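What follows is a short report on a single structure.
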Amino acid sequence: MGRPLSGPGFLEVGMSDYLERWFRELGVPCERQTVAPGRDNLLARYEAPDARRTLLFDAHQDTVPTDGMTIPPFVPAIVSGRLHGRGSCDIKGGMAAMLVAFARLVRERPRGSASVVMACTVDEEFTHTGSTLLAATPHGADLAIIAEPTRLDLVNCHRGAVRWKIRARGVACHSSTPHLGVNAIYRMAPVIAALAEHAEDLSKAVPHPVLGPPSLSVGRIEGGVSVNVVPDWCEIEVDRRLIPGEDARASIARVERFLRDRLGGFEDLEFLPPWGVMPALAPDDMGSIDWVGDVGRAVASATGRTPRVTGVPYGTNAGPLSASGLPCLVFGPGDIAQAHTKDEWVELDQVRAAVDAYYQIARDLGG
Numbered sequence: 367m368g369r370p371l372s373g374p375g376f377l378e379v380g381m382s383d384y385l386e387r388w389f390r391e392l393g394v395p396c397e398r399q400t401v402a403p404g405r406d407n408l409l410a411r412y413e414a415p416d417a418r419r420t421l422l423f424d425a426h427q428d429t430v431p432t433d434g435m436t437i438p439p440f441v442p443a444i445v446s447g448r449l450h451g452r453g454s455c456d457i458k459g460g461m462a463a464m465l466v467a468f469a470r471l472v473r474e475r476p477r478g479s480a481s482v483v484m485a486c487t488v489d490e491e492f493t494h495t496g497s498t499l500l501a502a503t504p505h506g507a508d509l510a511i512i513a514e515p516t517r518l519d520l521v522n523c524h525r526g527a528v529r530w531k532i533r534a535r536g537v538a539c540h541s542s543t544p545h546l547g548v549n550a551i552y553r554m555a556p557v558i559a560a561l562a563e564h565a566e567d568l569s570k571a572v573p574h575p576v577l578g579p580p581s582l583s584v585g586r587i588e589g590g591v592s593v594n595v596v597p598d599w600c601e602i603e604v605d606r607r608l609i610p611g612e613d614a615r616a617s618i619a620r621v622e623r624f625l626r627d628r629l630g631g632f633e634d635l636e637f638l639p640p641w642g643v644m645p646a647l648a649p650d651d652m653g654s655i656d657w658v659g660d661v662g663r664a665v666a667s668a669t670g671r672t673p674r675v676t677g678v679p680y681g682t683n684a685g686p687l688s689a690s691g692l693p694c695l696v697f698g699p700g701d702i703a704q705a706h707t708k709d710e711w712v713e714l715d716q717v718r719a720a721v722d723a724y725y726q727i728a729r730d731l732g733g
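Residues 367 to 733, numbered by my numbering, are exactly what the sequence shown covers, in order.
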C-alpha cells in the first residue's frame, strides 16, 4: 500500500508458492509470471473438450495492512457462518470459490464448457502491476471475470484512479529562530486547502449516470525530520478518482491549473509523476455489455437469484484488462463494506454460492 516494508512476509511469494503446488497437484499446466522480485502472477489453464471460447478468471493474491485490526489478522476463524481474517472478504473468499470451481471443471470435464485461464495476480491493492502485465500477455480469453466482493451482483462499470505526490520545499533552521528558515509544512497548508476546494467543485461536476461524479482526496502527508527543526520539505499524496471518459494526465493538469489560479507562484512546489494510474471500466468497454445477459443467466441458474447489474466506486483489475481490449465483468462473494475493516469477514454461504456460479458461467459460456 505504498509504505516501505522489508522481508518476504510482506510480499506474495508464500501465497504464490502455495498456489503453484495446488495447481501442480491438480494436474494442470501452471506458469509463474514474474512481475517484480518476490512477486509472481500464477496462470493455470484448463482446456475444455471442444471449447470454442476461453474465459479468464482473475483473483488477486495481495491484501492490505493489518493496522488497527481487532482480531488476529491471519488466524482464520469461523463465527456464525462468517470467515474472519485479513483478506477474507477482499478477496480470498472469491479466490477460493474460483479455485474450487476451476478444480471441479478439471475433474468433471463437462462437454460444452469454456476453457478457463485461472490467473492469481499480485499488486492489485497498490499499483496494479500484476494485472497490467497480465493484460499484455497472450492468453486467448474472450471474457474476463474478476473476483471482487460484489454481493454476487454483476459489476460492469467502475471508477478509475490516478495517484501522485506534491512536494513543497523550504529552508531548514533551528526551531528557536524560525524566521531564519522557510517552513515547508506551512507552504503546503494553502495547497491542501485549495485541493479541498477543488474536491468540492468536483463533487458538483456532471455525474456519470451510474458512478456519480469524480472525486479527489489527500490521503497522506509527511514532512520534517524533528519537532525542533523548521521543516525544509513536505509531501502529500493525492488520490483522484476518474469516471469513464476522463483522462488521468488531463485530470492532473486540471489540478495544477486550479492551484496556479488560487495560489499564484509555483517555484517551491513540485508535482511528481503519477505513480499509479488505473483505468475506469465503462459498461460498453470492448463489448462487455454483450456478455451481461449470458453471465447473468448462468449466475441465476446456479444461485436461484438474478443478479443486479450495477457499478461500484472502487477500482479493480478489470481496469487494466479492459483497457487492453478484453471484455470484463466483476463478480464475487462478500460485501465491500467488510473489506479492509478491523474485523474483516465474508459470509461462507456467499462463497459456496460463488463456487456454483463460477462453475456455471464456464459451463454455459463455452460457445
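Don't be surprised by glycine CBs; every beta carbon is placed ideally from N, CA and C. Since this is a predicted model, take the numbers as computed values, not measurements.
Exercise. Compare the beta carbon distance of V557 and A534 with 8 Å and say whether it is the shorter of the two.
Key: Residue mapping note: residue 557 aligns to position 191 of the sequence shown, counting from 1. Residue mapping note: residue 534 aligns to position 168 of the sequence shown, counting from 1. Cβ atoms of V557 and A534: closer than 8 Å.
Quiz item: Leaving out five residues before and five after F632 in sequence, what residues of the same chain have Cβ atoms less than 7 Å from its Cβ?
Solution: To locate residue 632, count along the sequence shown from 1; it is residue 266. If we look at F632 and ignore the five residues flanking it on each side, its Cβ neighbours are R626.
Quiz item: Taking Cβ positions only, does D660 come closer than 8 Å to chain B?
Solution: In the structure shown, chain B cannot be found, because there is only a single protein chain.
Quiz item: Could you give the C-beta distance for R448 and E713, rounded to a whole number, given that I count them as a contact under 8 Å?
Solution: Taking the first residue of the sequence shown as 1, we reach residue 448 at position 82. Taking the first residue of the sequence shown as 1, we reach residue 713 at position 347. Right, their Cβ atoms sit about 6 Å apart.
Practice problem: Enumerate, from N- to C-terminal direction, the unbroken alpha helix (DSSP H) stretches of 4 or more residues contained entirely within the region 486 to 566. | Solution: 495 to 501
Quiz item: When DSSP labels each residue in this structure, what does M644 get in the three-state scheme?
Solution: Here residue 644 corresponds to residue number 278 of the sequence shown, with the count starting at 1. Three-state DSSP puts M644 in a strand.
Practice problem: Answer with buried or exposed for L546, where buried requires no fewer than 16 other C-beta atoms within 10 angstroms of its C-beta. | Solution: Walking along the sequence shown from the start, residue 546 turns up at place 180. Exposed is the call here.
Quiz item: Going by other Cβ atoms of all chains shown within 10 Å of its Cβ, with 16 needed for buried, is K570 buried or exposed?
Solution: Here the question's residue 570 lines up with position 204 in the sequence shown. K570 should be labelled exposed.
Quiz item: Skipping 5 residues on each side, what residues in its chain have a beta carbon closer than 6 Å to that of I437?
Solution: The residue you call residue 437 lines up with position 71 of the sequence shown. Excluding positions up to five away in sequence, the list reads H450 and D709.
Quiz item: For V717, which of G460, H494 and R452 has the nearest alpha-carbon?
Solution: Looking up residue 717 in the sequence shown gives position 351. Checked all of G460, H494 and R452; the closest Cα to V717 is G460.
Quiz item: How is D424 classed by DSSP in three states: helix, strand or coil?
Solution: In the sequence shown, residue 424 corresponds to position 58, counting from 1. Strand at D424.
Exercise. Determine the direct distance from the alpha carbon of G453 to that of P645, and round the result to whole angstroms.
Key: The residue given as residue 645 occupies position 279 in the sequence shown. The residue given as residue 453 occupies position 87 in the sequence shown. The alpha-carbon atoms of P645 and G453 are separated by roughly 23 Å.
Quiz prompt | The alpha helix (DSSP H) enclosing D383, as first and last residue numbers | solution = Translated into the one-based positions of the sequence shown, residue 383 becomes position 17. Per DSSP, D383 belongs to the alpha helix (DSSP H) from V379 to L392.
Quiz item: Between A527 and G642, which are expected to be in contact by the criterion C-beta below 8 Å, what is the C-beta distance as a whole number of angstroms?
Solution: On the sequence shown, residue 527 is found 161 positions in, with the first residue counted as 1. On the sequence shown, residue 642 is found 276 positions in, with the first residue counted as 1. Contact holds; Cβ gap of about 7 Å.
Quiz item: What number of angstroms, rounded off, separates the C-alpha of D383 from the C-alpha of D424?
Solution: For the purposes of this step, residue 383 is identified with residue 17 of the sequence shown, where counting begins at 1. For the purposes of this step, residue 424 is identified with residue 58 of the sequence shown, where counting begins at 1. Taking the straight line joining both Cα atoms gives about 17 Å.
Quiz item: Can you round the beta-carbon distance between V521 and T676 to whole angstroms, since I take them to be within the 8 Å contact cut?
Solution: Position 155 of the sequence shown, counted from the first residue, corresponds to residue 521. Position 310 of the sequence shown, counted from the first residue, corresponds to residue 676. Confirmed, about 6 Å.
Practice problem: Going by CA-CA distance only, name the one from G659, T672, A703 and D715 that's closest to D456. | Solution: Indexing the sequence shown from 1 puts residue 456 at position 90. Cα-wise, what sits closest to D456 is A703.
Practice problem: Write down every uninterrupted run of the beta strand (DSSP E) in the region 609 to 684 whose length is 3 residues or greater and which is fully enclosed by it, in chain order. | Solution: 635 to 637, 642 to 644 and 675 to 678
Quiz item: So what does DSSP say about V591, is it helix, strand or coil?
Solution: In the sequence shown, the residue the question calls residue 591 occupies position 225. Coil, per DSSP.
Quiz item: For the beta strand (DSSP E) that contains I444, what are its first and last residues?
Solution: Taking the sequence shown and counting its residues from 1, one reaches residue 444 at position 78. A443 to V445 is the span of the beta strand (DSSP E), which, as asked, contains I444.
Quiz prompt | Which of helix, strand or coil DSSP assigns to S581 | solution = Within the sequence shown, the letter at position 215 stands for residue 581. Strand, per DSSP.
Quiz item: So L449 is in the alpha helix (DSSP H); what residue range does that whole segment cover?
Solution: If you number the sequence shown from 1, residue 449 lands on position 83. Not the alpha helix (DSSP H): L449 falls in the beta strand (DSSP E), residues R448 to H450.
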